[in-house]
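Heads up, the thing below is written out as structure tokens.
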Amino acid sequence: MTERVHETTLSFSYSSASRARLVARSVDQEVGAIDDDRSETRLTRDGSTVELTIDAADLTALRAAANTWLTLVDVAERTQSIAAAD
């Protein structure tokens, strides 16, 4: 396994703990599934805040992982908004 020397944390704040919980549950199933030898991600939720911490071996892997997680969170948020509108 490659040493991970780069780290970033993506933090998402929501209007309620229940909304944060739904987003966290939606993306949590991907944690571990898309990790590889160059990056890994941890998810935490504290009340209405969801945080994804990405550790990566190089900046390219860090950028790729961050883009992936930003997309997954965006899809979860949009899906939740559509469901709430019905």
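Under full-length UniProt numbering, the sequence shown is numbered contiguously, ending at residue 86. Backbone N, C-alpha and C define an ideal beta-carbon position, used for all residues, glycine too.
In this model, glycine 47 and alanine 84 are separated by some 20 Å (Cα to Cα). The three-state secondary structure of isoleucine 54, taken from DSSP, is strand.
The distance from the Cβ of isoleucine 54 to that of leucine 43 is about 10 Å, inconsistent with a contact at the 8 Å cut-off. In the three-state reduction of the DSSP assignment, serine 15 falls in the coil class, being assigned neither a helical nor a strand state. Among the bridge pairs identified by DSSP, leucine 43 is matched with Leu52. In the DSSP assignment, aspartate 74 falls within the unbroken alpha helix (DSSP H) covering 59-85. Within the same chain, Cβ atoms closer than 7 Å to the Cβ of alanine 56 are found at Arg4, His6, Arg38, Ser39, Leu62, Ala65, the five residues on either side in sequence being excluded. Sixteen is the threshold: when 16 or more other Cβ atoms of the shown chains lie within 10 Å of the Cβ of threonine 41, as they do, the residue is buried.
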